[in-house]
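Note sheet for the following structure.
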Amino acid sequence: MARKRIPAQERRIRILDAAVEVFAESGYAEAKMQDIAARAGVVPSVLYDHFGSKRELHMTLVEQHAEQLRDHSLRRLEGASAEELVRASVANYFEFVEDDPFMWRFMHRDPPADLEVAALCQEMADRATAGIADLIRFAAADTKPVKGITVDEAAWILARATQSACHGVATWWYENRDVPRERVVELVFMLLWQGFDGMLKQASTG
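First residue of the sequence shown? That's 159 in this note's numbering, and the numbers climb one at a time after it.
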């Protein structure tokens, strides 16, 4: 009996899923295309039908998953208070980390030595910073400058601090998964909200 041929789109999805795991486990330099093919259940020639090189495959994953992370974490909630927006974003981020640890590890390993891939990773990180800054501006609404710092400047500063804090805690949590996500979210939220709330209060009295 002839084997049923897997549709091309399903093969592509299998390859992408397998590649996330192999890159997460081995890093870009050590990951091998034959290992990705084996995990996806396809022969290497089929993998190369979809992706011409390891670089192309990795860059496809970076763009795809960075967009998913931004969409999942940075949602504007109409009518929500600034506090609710901050809490929701932190909760969504760590929910994403918990639901797909392979993907998170893939996104946050050390930057690859390949300059083109590393440049794309930096571009995606910068887009994420810009997305966080946009959400902060949205939450701050008509906030006035604080100690000579404009709302736009404050948004970028807080965005970078938020990004660094979440990344740092997620890196620790990746190795300490016995700590419940809800506890991690609450602690990160309290840390970030102290700074953000302080800025809002300063602006309202300045």
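Heads up, the beta-carbon is just placed ideally off N, CA and C, and yes, glycines get one too.
Note that this is a predicted model, so its numbers are computed, not measured.
Would you tell me roughly how many angstroms separate the C-alpha atoms of Gly356 and Met265, rounded to the nearest one?
About 32 Å.
Own chain, CB closer than 8 Å to Val180, minus 5 neighbours either side, in chain order:
Around Val180: Ala189, Lys190, Asp193, Ile194, Arg197.
For a test of the three-state rule: what should DSSP assign to Ile164, helix, strand or coil?
coil
Would DSSP call Gly371 helix, strand or coil?
Lying before the first or after the last residue shown, residue 371 is absent from the chain, which here runs from 159 to 364.
So, are the CB atoms of Leu278 and Met217 less than 8 Å apart?
Yes. Within cutoff.
Look at the Cβ atom of Val372, then the Cβ atom of Ala319, and state whether they are nearer than 8 Å.
No statement about residue 372 is possible, as the shown extent of the chain runs from 159 to 364 and does not include it.
With contact counted as at least three CB pairs below 8 Å, one residue from each stretch, are the region 278-289 and the region 213-230 in contact?
Three or more pairs of CB atoms, one per stretch, sit closer than 8 Å, so the region 278-289 contacts the region 213-230.
Suppose the cutoff is 8 Å on Cβ atoms and the five residues either side in sequence are ignored; what does the same chain contact list for Trp351 look like?
Cβ neighbours of Trp351 beyond the five flanking positions: Glu241, Val244, Arg245.
Work out the CA separation of Ala317 and Ile294 for me, nearest whole Å.
7 Å
Distance, Val337 Cα to Trp331 Cα:
7 Å
In terms of alpha-carbon separation, which member of Glu221, Phe209, Ile290 lies closest to Val275?
Glu221
Taking 7 Å as the limit between beta carbons, can you name the residues of its chain near Ser247, skipping five residues before and five after?
Here the set comprises Ser231, Leu232, Leu293.
Over the uninterrupted alpha helix (DSSP H) stretch that includes Glu221, give me the two end residues.
212-231
Taking the beta carbon of Pro165 as the centre, do at least 16 other beta carbons fall within 10 Å, making it buried, or is it exposed?
exposed
Start-to-end residues for the alpha helix (DSSP H) that takes in Met239
Looking at the sequence shown, residue 239 is not Met but Ser. No alpha helix (DSSP H) holds Ser239; DSSP gives it neither H nor E.
Can you round the beta-carbon distance between Phe260 and Ala187 to whole angstroms, since I take them to be within the 8 Å contact cut?
Contact doesn't hold; Cβ gap of about 18 Å is too wide.
Going by alpha carbons, who is nearest to Arg172 out of His208, Gly185, Ser184?
Residue His208 is the option with its Cα nearest to Arg172.
Are Trp314 and Ala291 closer than 8 Å when you measure CB to CB?
yes
Which word fits Ala160, buried or exposed, when buried means at least 16 other C-beta atoms lie within 10 angstroms of its C-beta?
Caution applies to Ala160, whose pLDDT of 45 falls short of 50 and renders its modelled position unreliable; the value that the coordinates give is listed next. Exposed.
Three-state secondary structure assigned by DSSP to Val200
coil
Do Phe252 and Arg335 have their C-beta atoms closer together than 8 Å?
no
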